[in-house]
Amino acid sequence: MSVQNAEIARLFARLADLLEIEQQNPFRVRAYRNAARVIGGLSHPVADRVATGEDLTDLPGIGEDLADRIIGIVKTGRFPLLEEVERRTPGTLSDLMKVPGLGPARVRTLYRELGITGPEDLERALRTGAVRELSGFGEKTEAALRSALARTRAASERTLLAEAETLARPLSEWLGGCEGVLEVAVAGSFRRRRETVGDLDILVTCRRGASVMDCFTAWEDVGEVISRGRTRSTVMLRSGTQVDLRVVPQISYGAALQYFTGSRAHNIHVRRIAGQRKLKINEYGVFRGRRRVAGRNEEEVYAALDLPWIPPELREDAGEIEAAARGALPRLIEPSDLRGDLHCHTRATDGQQSIGEMARAAADRGHEYLAITDHSRRVSMAHGLDADALLAEIDEIDRIAETLPDMRLLKGIELDILEDGSLDLPDRVLDRLDLTVCAVHYGLGLSRRRQTERILRAMDNPRCTILAHPRGRLIGEREPCELDMERIMRGARERGCILEVNAQPRRLDLSDSDCRMACELDVALAINTDAHSAAQLDLLRFGVDQARRGWVEPGRVINTLPLGELLARLRR
DNA sequence: GCCGTTTTCGGCCCGACTGTTTTCAGTCG
889 MSVQNAEIAR
899 LFARLADLLE
909 IEQQNPFRVR
919 AYRNAARVIG
929 GLSHPVADRV
939 ATGEDLTDLP
949 GIGEDLADRI
959 IGIVKTGRFP
969 LLEEVERRTP
979 GTLSDLMKVP
989 GLGPARVRTL
999 YRELGITGPE
1009 DLERALRTGA
1019 VRELSGFGEK
1029 TEAALRSALA
1039 RTRAASERTL
1049 LAEAETLARP
1059 LSEWLGGCEG
1069 VLEVAVAGSF
1079 RRRRETVGDL
1089 DILVTCRRGA
1099 SVMDCFTAWE
1109 DVGEVISRGR
1119 TRSTVMLRSG
1129 TQVDLRVVPQ
1139 ISYGAALQYF
1149 TGSRAHNIHV
1159 RRIAGQRKLK
1169 INEYGVFRGR
1179 RRVAGRNEEE
1189 VYAALDLPWI
1199 PPELREDAGE
1209 IEAAARGALP
1219 RLIEPSDLRG
1229 DLHCHTRATD
1239 GQQSIGEMAR
1249 AAADRGHEYL
1259 AITDHSRRVS
1269 MAHGLDADAL
1279 LAEIDEIDRI
1289 AETLPDMRLL
1299 KGIELDILED
1309 GSLDLPDRVL
1319 DRLDLTVCAV
1329 HYGLGLSRRR
1339 QTERILRAMD
1349 NPRCTILAHP
1359 RGRLIGEREP
1369 CELDMERIMR
1379 GARERGCILE
1389 VNAQPRRLDL
1399 SDSDCRMACE
1409 LDVALAINTD
1419 AHSAAQLDLL
1429 RFGVDQARRG
1439 WVEPGRVINT
1449 LPLGELLARL
1459 RR
């Protein structure tokens, strides 16, 4: 099996931690950390580039040295430099760095003075009181580390974006009602619409002298106040999610929003450009010397660098700043571009509502069309439909469709792709449908080559309209299946097959980087909810978020098409 | 270790909060 990007990223990040603990050149440390981020965020496997002999130094932050190291890892599966460093500095120290409150300096002290190499050692040393005796540590640090370790164990990890919304919305409203508060914005990865959110960054402007921090820490869901200052406080919610609140003057709102939205890599790049122009950017504004030249809103901040405003979803330092400078930012898709939904379920299989209820709910949302796509027979857990049951459903869809003046109900099925790549129902039945969404539900553990060929074979059948949730992942629960996504995409393009961006918050499959690849390879997409209830028809916007992060423009997405053009496009 | 309409050498983002320090280091975002 070839080495995955995530593995290379992990090795580089680990090396960066260890070199930092060893107090080596901090810029060398940054170079490895930056390379980890760049490789981890690539849409194509870097192993493929190595195989075809592509020049890796084209990648940002990858020079001769790092390119050679990547090639070595891909070809041998080993990283001798890391092995060498780990002989003098235990690799597990990198895990210790993940404990909140521990950075390279404290980890180094803990290791050198007490021989602590991991969380278990640390816990023991905290119990015996050895830690508080160290210079630079004290009783408060000891208590903080004890609670940090407990929190790490309880590790709720990252929160799904949709769940983070349910925490952020009521808190934002609460803050908006606090005395003297003028503006409230949720920034950070939440605003960049990442599929998961680590903690919530909330920005507030207020009238002078307002006691926002008192109001913030009085929020009913606050479990623990971690730090509390005049302009910045951190709390832990009872759910385990951390929230940082920053208060800035109104005149700094744009600069602060830009700054706290990140990503860090984007900001570093932006500030580098500012430095070249003798400007300084911080969360209070853009400054030339001591004079503020921008900061009231984000447009001003970017304009000070001769850049157009950059949508938050793109701010990952993945080429968006260069594109902005060229005037070549994409016109990103928006929820209002979508005219319908091509994947949903009803009570006939594992959905919660009838066909009629789903149809009316979609019509209420202004959809021009909705495809009913219940499961096929192989997915027995969901009471998948066999040929006869599907024919009966087709008749019922036709009946209900006649009662809907303003919306077209499309006949479809979520068709299982069997292990040999054949489709789960006979062609003669499928020919009665407007579309199929085809998906793998079993045999997710096949090898990369077999899984790829299985899906390509399924797409050989012209009745395969849309490949649904192609990676088969469940965020935080199930890893994506092994797949040569580039081959799948090239295959889809040749065959006129469409790839789905499944909007279920725990799927979001295709991922953001897959979407970016689809743009590069000119593959058509559909953004679908896979709704199992009427309420879930509202999830489309999460699919849009993911597509926007992948630079997707409306023209790439077939369910932006009016009905007539859509129907033509569905016929391969 | 990377990178260059200031540079192939000499730079590399910047401020807030905490605790232990008695003037600042460490961590975080």
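The first sequence begins at 889 in this note's numbering and counts up by one. Heads up, the beta-carbon is just placed ideally off N, CA and C, and yes, glycines get one too.
Simplified DSSP assignment, three categories, for residue i
i       : result
Arg1039 : helix
Gly979  : coil
His932  : coil
Ile1363 : coil
Phe1148 : helix
Gly991  : coil
Ile1156 : helix
Phe1104 : helix
Met1347 : helix
Gln1138 : helix
Met1373 : helix
Gly1443 : helix
Glu1222 : coil
Leu1088 : strand
Ile1198 : coil
Thr1093 : strand
Ser1099 : coil
Check whether residue i and residue j have beta carbons under 8 Å apart
i       : j       : result
Ile1090 : Ser1127 : no
Leu1497 : Ile909  : Nothing about residue 1497 can be reported from this structure: the residues present for the chain run from 889 to 1460 only.
Pro1358 : Asp1322 : no
Leu1070 : Gln1138 : yes
Ser1151 : Asp1205 : yes
Glu1388 : Ala1356 : yes
Pro1504 : Val1432 : Given that the chain is displayed from residue 889 to residue 1460, the structure contains no residue 1504 and the question cannot be resolved.
Met985  : Pro992  : yes
Val1325 : Gly1360 : no
Rounded straight-line distance, which links the Cα of residue j to that of residue i
i       : j       : result
Arg1266 : Leu1311 : 10 Å
Leu1318 : Glu1290 : 22 Å
Thr1417 : Phe1430 : 9 Å
Gly1364 : Arg1394 : 8 Å
Leu1292 : Ile1301 : 20 Å
Ala1277 : Val1411 : 33 Å
Trp1062 : Asp1308 : 55 Å
Leu1371 : Thr1340 : 5 Å
Gln1164 : Glu971  : 39 Å
Gly1452 : Thr940  : 42 Å
Tyr1147 : Asp1102 : 24 Å
Cys1066 : Ala1422 : 35 Å
Arg1081 : Asp1400 : 10 Å
Glu1030 : Arg996  : 16 Å
Arg1437 : Leu1022 : 46 Å
Arg1461 : Arg1287 : Any question about residue 1461 goes unanswered here, given that the chain covers just 889 to 1460.
Met1246 : Thr964  : 53 Å
Ile1199 : Ser1140 : Residue identity check: residue 1199 is Pro in the sequence provided, not Ile. Near 19 Å, if we compare the C-alpha coordinates of Ser1140 and Pro1199.
Thr1119 : Gly1026 : 26 Å
Asp943  : Gly960  : 14 Å
Glu895  : Cys1369 : 16 Å
Arg1378 : Leu1428 : 26 Å
Enclosing alpha helix (DSSP H) for residue i [first to last residue]
i       : result
Met1246 : 1243-1252
Val917  : 914-928
Gly1173 : Segment 1173-1176 is the beta strand (DSSP E) holding Gly1173; no alpha helix (DSSP H) there.
Gln1424 : Note, Gln1424: premise wrong, no alpha helix (DSSP H); not H, not E.
Lys963  : 952-964
Cys1407 : 1400-1408
Thr1016 : 1007-1016
Asp1109 : Careful: Asp1109 lies outside any alpha helix (DSSP H) and carries neither H nor E.
Glu1461 : There is simply no residue 1461 to check, as the chain begins at 889 and stops at 1460 in what is shown.
Gly1333 : Segment: none, Gly1333 is in no alpha helix (DSSP H) and carries neither H nor E.
Bounding residues of the beta strand (DSSP E) (the contiguous stretch that carries residue i)
i       : result
Lys1168 : 1168-1170
Ala1182 : 1179-1182
Leu1049 : Careful: Leu1049 lies outside any beta strand (DSSP E), inside the alpha helix (DSSP H) at 1049-1064.
Gly1438 : From DSSP, Gly1438 is part of no beta strand (DSSP E); its letter is neither H nor E.
Leu906  : No beta strand (DSSP E) contains Leu906, which is instead part of the alpha helix (DSSP H) from 893-909.
Leu1387 : 1386-1390
Leu1413 : 1413-1416
Val1069 : 1069-1074
Gly1300 : 1296-1304
May I ask you to verify whether the segment 1077-1094 touches the segment 1438-1454, counting CB pairs closer than 8 Å and requiring at least 3?
-> The segment 1077-1094 vs the segment 1438-1454: no contact.
Is the number of C-beta pairs between the segment 1237-1247 and the segment 1256-1265 that are closer than 8 Å three or more?
-> Per the Cβ contact rule, the segment 1237-1247 is in contact with the segment 1256-1265 (3 or more Cβ pairs under 8 Å).
Counting pairs of beta carbons, one from the segment 1212-1221 and one from the segment 1172-1180, are three or more of them closer than 8 Å?
-> Contact between the segment 1212-1221 and the segment 1172-1180 is absent, because fewer than three Cβ pairs lie under 8 Å.
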